[in-house]
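Taken in order, these protein sequences are the chains called R and Y. In this text, residue positions in the first sequence follow the numbering used here: the first is 1, and each later residue adds one. In this text, residue positions in the second sequence follow the numbering used here: the first is 480, and each later residue adds one. To keep things clear, I will list the structure first and then write my remarks on it.
Number of protein chains: 2
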Amino acid sequence: MDRSDFRAALHQVADLVADYLETVEARPVLPAARPGDLLADLPAEAPEVAESLEAVLADYRQLVEPRLTHWNHPGFLAYFSSSGSEPGILGELLAAGTSVNAMLWQTSPAATELEVRVCDWLRRLLGLPDDLVGHINDTASISTFLAIAAARHEKVPELRHQGLMGRPEQPALTVYCSEHRHSSIDKAMVALGLGLDRLRPIAADQDFRLDPAALAAQIAADRAAGLLPAAVVATVGTTSSTSADPVAAVAEICRREGLWLHVDAAWAGSAAICPELRPLFAGWELADSIVVNPHKWLFVPMDCSVLYVRGIERLRAAFSLVPEYLRTADQEAAGEKPLQLMDLGVQLGRRFRALKLWMVIRLYGAEGLRARLREHCRLGRELAGWIDADPHFERMAPVPFSTVCFRAGLPGASEQQLEAFNERLLAVTNRDSPFFLSHTKLRGRYVLRLAISNLRTEERHVAAVWRRLQEQAALLRAA
Amino acid sequence: MDRSDFRAALHQVADLVADYLETVEARPVLPAARPGDLLADLPAEAPEVAESLEAVLADYRQLVEPRLTHWNHPGFLAYFSSSGSEPGILGELLAAGTSVNAMLWQTSPAATELEVRVCDWLRRLLGLPDDLVGHINDTASISTFLAIAAARHEKVPELRHQGLMGRPEQPALTVYCSEHRHSSIDKAMVALGLGLDRLRPIAADQDFRLDPAALAAQIAADRAAGLLPAAVVATVGTTSSTSADPVAAVAEICRREGLWLHVDAAWAGSAAICPELRPLFAGWELADSIVVNPHKWLFVPMDCSVLYVRGIERLRAAFSLVPEYLRTADQEAAGEKPLQLMDLGVQLGRRFRALKLWMVIRLYGAEGLRARLREHCRLGRELAGWIDADPHFERMAPVPFSTVCFRAGLPGASEQQLEAFNERLLAVTNRDSPFFLSHTKLRGRYVLRLAISNLRTEERHVAAVWRRLQEQAALLRAA
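Encoded structure:
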């Protein structure tokens, strides 16, 4: 692809992306695809000879695009709906043009220092103290994994060399969390060799918040049983109901017990840029580590997960390894040494992710970001009000942010019948639809989940999905 | 940013990227930046109010771009020089526009199935058998981590629940590799809780290839000592010299001993698309897992690492965890169930990385990719010939692919003086220069390393860097 061809191609794809975003709302959020549809349409072998851009883009439009689930659709209200803003897409394009790998300061001073600075910006916007130092990972799964790994290292520094096996004198480590924690905590327990059985899910209160007294009791019981408590993961914005654990009370227990406190605020954390929402986070400023994903609710395209750690040395102690071929003069020099991002985790290669976060913050401004998050929370409260006012529906959890859990009622139905009914309601609401909701279970009950954190979701979408739910539920009841 | 503003902005940034790639060669590869330069130029606080795109792009050009290390510069010959091709950049832009998270089939059927298909395409191009099933991770650090985790799981399946600690009856696991393995193996040992001491670096032969007899002896000694050998990592294309371990002999040992064989071909693996280079990989078709990074030597922009595993169930056994909120109808349905990418590793969130690999393969065609890799290998051999013909220089390793290790000689100098001399030579060669080389140590000797795997590197660049090295060495000798 020569120079002028590339420039023309880039403009062509730019138009394709702009067209996509302009028209995405007209499509169903979920494609009609069945498993294997795209596979059947693609040749089994790579082409021997170069194909034309026209052929590839035609296949993209005809074969790939119709099988996408449209995350940038304003009706994507499932999971933690995340969306890529226009400024973020511009940032991705700039980063792709550089192909920078920010493993070392030397391999891109700008990527390293911009990452330091935008993580600082975000930290201040969130109202967090200076000694929480941030860096960017791909996902919260990795950020949380690194945090628990650092906690593990502090309790058993010799594991770096000796490992966890064959050391009968070493009491086993335990980690604590709410019964409503995200599955990434469980995965970290498996991956780190700590084991699922050593993760202690603590009972939550009626509002799905971890109960500090139950936490303290479990820690005491574990100590009595000869185990070694290492860390607590508190969640602000649990996946099912977005409940906020009482972080201040948990932090006090961690201080007393000498445990690492990790706060999983992957989705909700962005909301702390609004001072009026900070009470939900009270105490997180005492954490040893916090994860906040700008790719979830700050309109940065996948992937961008910021991990803040109190004392970056603690990550470095767990992970730094510098082979000869990665030594650089700046590491050896006297004076202040630059941060080497590779020292902070498992991954050596690192994309230039700071650029898109920088562009999003600058092109919206803090006020612009706050306004959008406030509007999402307002829409969530509004929907909650509509549900509360409708005798055919039942709200199933408080709405601290903008995610609403509810279900349709069915007079005289058993729990099992209610589950089947709401499962059907979800299916018909999502099928060939401008909306996509997901579900979860709360206290064993099947509930629908509507998460409003998509940049493009407006009041008209929330009103329309509510009408659709009411209508579909009525039709199903009548059937 | 409204619709027409975004379209205009995208075209503006597209031109900026095209301009960058057209002019990158005119810049020094390494910026003149000193630690803290960019930090000092950026405000300490995020802007309160939205800024204009013009202001942000002006800062990008004036503050960020001059502090980039230019990975897409044809003179970037350090580390494993990797580069983002034009088709790959187009793929990144398309993917950014979708903001897809391919965690589940349902969250983007196209992303999941395109990933399956392009990994198949690549597998066939590499000459690997059908039962090696591929998926894409961010980095080889993660791919290798997952492979060793799966090996660990097969030896101790109960660790998933019980963990590795407090089980005195369980012999400790050991992992084997060449003394020339990449540091990501060491990091995986730390992260997985196996410990650095349980990684057995096996002595290499004179050509830096793992010695199978020494491997067998170490395994026997470990068994005799009550340890439990679990996996061997063989490398094709070691980081320092790009040597290829004798995979067939290693595979035979693994078969006999019941060990998981992981092949780290993160950089060199792409070269197996050229049949004449396959003898260097002989035996890798017997591996339990293989990592090949298209972002290293197949012109796909960061990040894209393909992990092939013999029997995808083995990864799923180690990592699958499905919380209620991620259950979907297709997981429960009868008949063939679609692949759920989240089941294959630690990370839940997954970018739509398949798109850029698909576009690179289609827009170059297999022949186009082979031609570029062959040219790189030819340039490597040519440079090796020039070094061998110059009495002032000494080649320090064979050149199986396109990376050349060498040093400048200094009559009568000690090893220590040679190291200092070559360190100075590297510094002056790289400073304010259209070239960037790195170094390593081989048998304790400091050597310069010139890796030719950058899409844009041509014969004229290799000839020019060689002249620069000759001239600078002569100047230093005369000084």
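All C-beta atoms, glycine included, are put in the ideal place defined by N, C-alpha and C.
Beta strand (DSSP E) containing residue i: first to last residue?
i, result
"R/T440", "S438 to L442"
"Y/E873", "F872 to R874"
"R/T174", "L173 to S178"
"R/P229", "L228 to T235"
"R/N137", "L132 to N137"
"Y/F900", "That residue, Y/F900, is in no beta strand (DSSP E); its alpha helix (DSSP H) goes E894 to N909."
"R/W260", "W260 to D264"
"Y/R789", "S784 to R789"
Give the straight-line distance between the Cα atoms of residue i and residue j, rounded to the nearest whole angstrom.
i, j, result
"R/A150", "R/L192", "11 angstroms"
"Y/L905", "R/P109", "19 angstroms"
"Y/L689", "Y/R874", "20 angstroms"
"R/R256", "R/L42", "59 angstroms"
"R/L159", "R/A251", "26 angstroms"
"Y/H855", "Y/A766", "27 angstroms"
"Y/H549", "Y/L509", "7 angstroms"
"R/T139", "R/L53", "32 angstroms"
"R/Y79", "R/F299", "15 angstroms"
"Y/N933", "R/R34", "40 angstroms"
"Y/M582", "R/I452", "19 angstroms"
"Y/V926", "Y/S720", "10 angstroms"
"R/E92", "R/V100", "12 angstroms"
"R/S270", "Y/L536", "25 angstroms"
"Y/G762", "Y/A728", "8 angstroms"
"Y/G674", "Y/G891", "43 angstroms"
"R/A272", "Y/A505", "45 angstroms"
"Y/D481", "R/L90", "14 angstroms"
"Y/D494", "R/G134", "32 angstroms"
Taking residue i as the reference, give the member of the options with the closest Cα.
i, options, result
"R/A489", "R/F421, R/D288, R/S99 and R/A463", "This structure does not reach residue 489 of chain R, given that chain R is present from 1 up to 479, and the question cannot be answered."
"Y/K775", "Y/P545, Y/V579, Y/G563 and Y/W837", "Y/G563"
"Y/T807", "R/A318, R/H439 and R/Q62", "R/H439"
"Y/V669", "R/I253, R/C405 and R/L146", "R/L146"
"Y/L786", "Y/A693, Y/Q541, Y/R646 and Y/D743", "Y/D743"
"Y/G923", "Y/V944, Y/R947 and Y/L897", "Y/L897"
"Y/H741", "Y/K816, Y/P725, Y/H640 and Y/C753", "Y/P725"
"R/V465", "R/F436, R/L442, R/L475 and R/A474", "R/F436"
"R/E458", "R/D390, R/L379 and R/Q472", "R/L379"
"R/P323", "Y/E648, Y/R946, Y/K666 and Y/A796", "Y/K666"
"R/R460", "R/P434, R/A473 and R/E471", "R/P434"
"Y/L955", "Y/D911, Y/A942 and Y/E902", "Y/E902"
"Y/T882", "Y/T718, Y/T714, Y/N616 and Y/L611", "Y/T718"
Span of the alpha helix (DSSP H) holding residue i?
i, result
"Y/C733", "V726 to E736"
"Y/T577", "E565 to T577"
"Y/R702", "P691 to A703"
"Y/S620", "A619 to K634"
"Y/A868", "A833 to A868"
"Y/R924", "Per DSSP, Y/R924 belongs to no alpha helix (DSSP H); it is in the beta strand (DSSP E), R924 to A930."
"R/S184", "S183 to A191"
"Y/W776", "P773 to W776"
"R/P109", "P109 to L126"
"R/Y20", "R3 to T23"
Counting only beta-carbon atoms, is residue i nearer than 9 angstroms to chain B?
i, result
"R/T239", "Protein chains in the displayed structure are R and Y, and chain B is not among them."
Given a limit of 8 angstroms on CB to CB distance, which residues of the region 434-446 of chain R reach chain Y? Under the 8 angstroms Cβ criterion, the region 434-446 of chain R contributes S438, H439, T440 and K441.
Against chain Y: residues of the region 145-161 of chain R by CB proximity under 7 angstroms: Only those residues of the region 145-161 of chain R whose C-beta falls short of 7 angstroms from the nearest C-beta of chain Y are listed: F145, A149, L159, R160 and H161.
Under 9 angstroms (Cβ pairs) to chain R, residues found in the region 545-574 of chain Y: Against chain R - using a Cβ distance shorter than 9 angstroms - the residues of the region 545-574 of chain Y are P545, R546, L547, T548, H549, W550, N551, A557, Y558, S561, S562, G563, S564, E565, P566, G567, I568, L569, G570, E571, L572, L573 and A574.
Evaluate contact between the region 701-708 of chain Y and the region 589-597 of chain Y, counting only Cβ atoms and requiring at least three cross-stretch pairs below 8 angstroms. No, because fewer than three Cβ pairs between the region 701-708 of chain Y and the region 589-597 of chain Y fall closer than 8 angstroms, the two stretches do not touch.
Short of 7 angstroms Cβ to Cβ, which residues in the region 95-118 of chain R face chain Y? Correct list: A96, G97, T98, S99, V100, N101, W105, Q106, T107, S108, P109, A110, E113, L114, V116 and R117.
Under 8 angstroms (Cβ pairs) to chain Y, residues found in the region 362-378 of chain R: Interface annotation for the region 362-378 of chain R against chain Y: R362, L363, Y364, G365, A366, E367 and G368, criterion Cβ-Cβ distance under 8 angstroms.
Using a Cβ-Cβ cutoff of 9 angstroms, what residues of the region 307-334 of chain R are near chain Y? List them in chain order. Those residues of the region 307-334 of chain R that come within reach of chain Y (Cβ to Cβ, closer than 9 angstroms) are A318, F319, L321, V322, P323, E324, Y325, L326, R327, T328, A329, D330 and A333.
Sufficient close CB pairs (3 or more, under 8 angstroms) joining the region 381-399 of chain R to the region 360-368 of chain R: Taking 8 angstroms as the limit for Cβ pairs, the verdict is that the region 360-368 of chain R does not touch the region 381-399 of chain R.
Is it a yes or a no for the region 61-68 of chain R touching the region 89-99 of chain R, going by three-plus beta-carbon pairs under 8 angstroms? With contact defined as three or more Cβ pairs closer than 8 angstroms, the region 61-68 of chain R and the region 89-99 of chain R are not in contact.
Counting Cβ pairs, one atom from each stretch, are 3 or more of them under 8 angstroms apart for the region 205-219 of chain R and the region 168-179 of chain R? Contact check between the region 205-219 of chain R and the region 168-179 of chain R: three or more CB pairs, one atom from each, fall below 8 angstroms, which counts as touching.
Count the CB pairs spanning the region 349-358 of chain R and the region 781-798 of chain Y that are closer than 8 angstroms, and state whether there are at least three. Yes, since at least three Cβ pairs between the region 349-358 of chain R and the region 781-798 of chain Y fall closer than 8 angstroms, the two stretches touch.
Name, going along the chain, the residues of the region 130-145 of chain R whose beta-carbon falls closer than 8 angstroms to a beta-carbon of chain Y. Of all residues in the region 130-145 of chain R, D138, T139, A140, S141, I142 and F145 have a Cβ within less than 8 angstroms of some Cβ in chain Y.
Chain R contacts made by the region 663-684 of chain Y, where a contact means CB separation under 7 angstroms: From the region 663-684 of chain Y, only S663, D665, K666, V669, A670, L671, G672, L673, G674, L675, D676 and R677 have a Cβ closer than 7 angstroms to chain R.
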